[in-house]
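All remarks here apply to the structure that follows.
Numbering (the numbering used here), first residue to last: 334 to 478.
Quick look at the structure:
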């Protein structure tokens, strides 16, 4: 089925996003068949939880902690504090947030608390993000600005 033009061609773009000629369609239209087939496949509550997880990992300290847990498996709060250069209190706060969002899990052994990534999904997410950032095309886009 042919694409149909939208009635409102003057939709506002997100603030802070610079849009060039090559970044937007020159004619606003939609593919009705594709749109209909995709409707309902993305659930708002799931997207909200996913965004919370990415929001937690968007903090450089927490992303670093996730990377260390990926590489070091299980780490004590004290070890993580040394690795990240944060106080034990700050480290504990970050790790607790990661635990509450399902990114990390903990266990207590005596007087120490050890953290690890929750499961292979989180480990894969961390590794794929790291791999993606190391790929050549990511560095090229930095030079374009």
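From the three backbone atoms N, C-alpha and C, an ideal C-beta is built for every residue, glycine too. Computed from a prediction, not measured in an experiment: that's the story for all the values here.
Restricting attention to beta strand (DSSP E) runs no shorter than 3 residues, the segment 420-461 encloses them at 437-442 and 445-450, ordered along the chain. Out of 428, 403, 444 and 406, the CA that lies nearest to the CA of residue 414 is found in 428. The three-state reading of DSSP puts residue 358 in coil, since its state is none of H, G, I, E or B.
381 is the residue among 381, 444 and 361 whose C-alpha sits nearest the C-alpha of residue 434. Per the coordinates, the alpha-carbon of residue 431 lies some 43 Å from the alpha-carbon of residue 360. Annotation for residue 446: 410 and 439 place their beta carbon closer than 6 Å to its own, counting only its chain and skipping 5 residues before and after.
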